[in-house]
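Down below is the structure, laid out as structure tokens.
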Amino acid sequence: MKEVREDQLGEELLSRIEWLIKLRWIAIGGVFCVIIGVKFLLLVDIPLLSLCFGTITLLLLNFVYFWYSKRLKQDADFQHQRKRALFFANLQISVDLFMLVFLIHFSGGLENPFIFYFIFHMVIASILLSNRAAYFQATFATVLLGAMIILEHHHIIYHHHMQGFVPYEMHGNIVYITGVFLILTSTLFITIYMATSIVNRLRAREQELAIANEQLSEQDRRKSQYVWTVAHDIQSHLSTIQSCLKVVLNGLTGGMPDKTREMVARAEGRTLYLLHFTKDLLNLSRIKSAREMPKEELQLAKVAEKVIEGIKMWSTEKGLSLTVEGTTELPTVYANRDEIEQLFLNLIVNAIKYTPKGGKITVEASKFEYAKNPPYAPFSNPDSASTGSRIQKNLEGRKEGDYVAVSVSDTGIGIPEDDLSHIFEEFYRAKNTGSVAAEGTGLGLSIAQQIIKDHGGKIWAESKVGQGTKFTFLLPIGTVPFKGGVKWQKF
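Heads up, the final residue of the sequence shown is numbered 491 in the UniProt record's numbering, and it's a clean run with no missing numbers.
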């Protein structure tokens, strides 16, 4: 669990750093607007060049922060990444405080009402950093403010009075200066105390939820292990029963009346169905209970061709066209061979089962790059089913990493829209499947989804009744073991 938490904490911290950078873009724009408004609308005498210089410096720094945050994401060592991210967040806040003092100094010092904006950075520090680091930032802000006030008061640095905004006498009033400074610094530390108290409770609650989730996952794994053991026992007995019934049907035990033969045949058929059911149950339980499956570099195209070769005769007997497209020169994925074969088998068998004679089944593979995908495509939530033709054929571009996309489409009976959101649930069958295939376990798509989940991918479906169904899944490209979760961003 420690490794998982490092990954989650690092990703969360990077996300908050990106949020801080975005806030800074807004703040920089706001500062420019305030400077222009105060100078040319309110006609307050301020050192325009110095303030513009400070704001432009902050703008350039934010470009550097933005560039470095992108590089930081590429660090595969989660623990090292998190340490660098914490230092990066501390550095940004410290530089922000220095630049804020710089801007405050050139715009009136304590006379400037924007001096209370230091409070915002105290809240941000409490959210991003540890308690100690947050209090350090409050102390650093106090030292900077104190230094500015003392240097201005003793005329070591020039005091830029905001002519026309406050009386000049306020600068020389030591009681006023001391009072404002003490109130401001105490406010900073009180803000840190209140914010860290809230954040600490939220972090503790989050940790409790993470532990509870880990425990539930372990319990689910043990349950699946138990189901696997029971199903394995049942399968052994069913195999024996089915074999005995087959011997009787083949006449090896002697002749029998037609009525008896019919009843034995029905029993053998139901036993065969139960065998298929327990086999699917075994597969699902095995996948769920396994902590780690052996993985290797795989060419998905070759795996698909191998699976298709084994079931080609069935599709030919049904008069179906089964083709593979766009599978040349695809990158490899790091996956378990048996599970990927099972994935292809379940999806293609489903297509064959629910496609009428003369229909067409197409398996298509291509490289998927997340960022270039059209913003109206449904990848904002790939887990959910999608209808119509919203899933685009152009699978290109992604900032965080690339994937291999595989789709299995057919011209079969389709899936009703009401059923689309449930098709990956265990034992669920669409309402219109009974008219084509009366018997089915309702586990095939659940197994497919579990396999995809174990490999850090996503799977979804689109369908129209009477026109066909298209299942699409993504698997991350790579030659090393998959770590962490896939981060899916919404457009």
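Note that the Cβ used here is the ideal one computed from N, Cα and C, for glycine as well.
These numbers come from a predicted model, not from an experiment.
Cβ neighbour criterion (16 or more within 10 Å) applied to residue i
i	result
Thr240	exposed
Ile174	exposed
Lys470	buried
Gly412	buried
Met162	buried
Ser321	exposed
Glu111	buried
Lys490	Bear in mind that a pLDDT of 30 at Lys490, under 50, signals an unreliable position, so the model cannot answer this.
Gly414	buried
Ile115	buried
Met1	Caution is warranted here: a pLDDT of 40 is assigned to Met1, below 50, making its placement in the model unreliable, and the coordinate value is therefore given only provisionally. Exposed is the call here.
Phe87	exposed
Ser389	Low local confidence applies: a pLDDT of 34 at Ser389 is under 50, so the model's placement there is unreliable, with the coordinate-based value given in what follows. By the neighbour-count rule (16 or more Cβ atoms within 10 Å), Ser389 is not buried but exposed.
Lys223	exposed
Asn346	buried
Trp19	exposed
Gln92	buried
Leu216	exposed
Leu49	exposed
Gln74	exposed
Minimum C-alpha distance to residue i - residue among the options
i	options	result
residue 507	Cys244, Lys22, Glu325 and Pro294	Missing from the structure shown is residue 507; the chain here goes from 1 to 491 and no further.
Thr196	Gly146, Lys223 and Ala125	Ala125
Thr316	Lys353, Leu91 and Leu51	Lys353
Phe344	Ile451, Lys431 and Phe427	Ile451
Phe189	Thr139, Trp19 and Val199	Thr139
Gln342	Leu300, Leu100 and Leu58	Leu300
Phe181	Ala335, Leu144 and Leu59	Leu144
Gln81	Ile311, Leu14 and Ile21	Leu14
residue 536	Gln242, Leu282 and Ser243	Nothing can be reported for residue 536, as the shown portion of the chain is limited to 1 through 491.
Ile35	Arg24, Phe53, Met148 and Trp25	Phe53
Val44	His160, Thr55, Ile459 and Ile177	His160
Trp25	Leu48, Ile56, Ser50 and Leu49	Ile56
Ala351	Thr323, Tyr176, Thr260 and Ser217	Thr323
Gly172	Thr185, Phe118, Gly109 and Ile183	Gly109
Tyr117	Val101, Ser130 and Cys244	Val101
Arg203	Ser130, Ile234, Arg429 and Ser94	Ser130
Gln449	Ile198, Thr472 and Cys33	Thr472
Trp314	Asp338, Met293, Ile340 and Val349	Val349
Glu339	Asp454, Asp220, Leu216 and Met148	Asp454
Alpha-carbon to alpha-carbon, residue j and residue i
i	j	result
Lys295	Gly478	11 Å
Ile46	Ile28	18 Å
Ala356	His237	First, the amino acid is wrong: residue 356 is Pro here, not Ala. Distance between the alpha carbons of Pro356 and His237: 35 Å.
Glu214	Gly456	17 Å
Leu97	Gly179	21 Å
Pro375	Thr187	Because the pLDDT of Pro375 is 35, which lies under 50, any placement of that residue in the model is unreliable, and the number read from its coordinates should be weighed accordingly. Their Cα atoms are separated by approximately 44 Å.
Tyr158	Pro476	59 Å
Glu297	Val333	6 Å
Ala212	Ala267	46 Å
Val303	Leu474	15 Å
Gly468	Asn336	29 Å
Phe78	Glu12	12 Å
Val31	Arg16	22 Å
Glu23	Leu59	The sequence shown places Leu at residue 23, not Glu. Taking the straight line from one Cα to the other gives about 12 Å.
Ser69	Ala141	24 Å
Ile21	Tyr193	24 Å
Gly146	Pro331	59 Å
Leu252	Ile311	31 Å
Arg84	Leu72	8 Å
Gly444	Arg261	32 Å
Phe277	Ala133	58 Å
Lys259	Ala265	10 Å
Ala430	Glu218	31 Å
Lys318	Asp410	14 Å
Tyr135	Val123	11 Å
Lys458	Leu128	31 Å
Leu184	Gln137	14 Å
Examine the Cβ distances between the region 29-43 and the region 62-81 and report whether three or more of them are shorter than 8 Å.
Result no; under three Cβ-Cβ pairs closer than 8 Å.
Could you tell me whether the region 94-113 touches the region 143-153, where touching means 3 or more Cβ pairs closer than 8 Å?
Flag = yes, the region 94-113 and the region 143-153 touch.
Alpha helix (DSSP H) runs wholly inside the region 34-109, at least 4 long, in chain order:
Fully enclosed alpha helix (DSSP H) runs of 4 or longer: 48-73 and 78-105.
Decide if the region 243-263 is in contact with the region 199-211; the criterion is three or more beta carbon pairs, one per stretch, under 8 Å apart.
No, they do not touch.
Just checking, does the region 354-368 make contact with the region 401-416 on the three C-beta pairs under 8 Å criterion?
Yes, the region 354-368 touches the region 401-416.
Is there contact here, the region 295-307 with the region 257-276, by at least three beta-carbon pairs under 8 Å?
Taking 8 Å as the limit for Cβ pairs, the verdict is that the region 257-276 does not touch the region 295-307.
Do three or more CB pairs link the region 411-429 to the region 450-465 at distances below 8 Å?
Look at the beta carbons and you see the region 411-429 touching the region 450-465: at least three pairs across the two are nearer than 8 Å.
Alpha helix (DSSP H) runs wholly inside the region 263-345, at least 4 long, in chain order:
Inside the region 263-345, DSSP marks whole alpha helix (DSSP H) runs of 4 or more residues at positions 300-317, from first to last along the chain.
Only counting runs of 4 or more residues, tell me where the alpha helix (DSSP H) segments fall wholly within the region 398-477, in order along the chain.
Listed in chain order, the complete alpha helix (DSSP H) runs (minimum 4 residues) inside the region 398-477 are 417-420 and 444-454.
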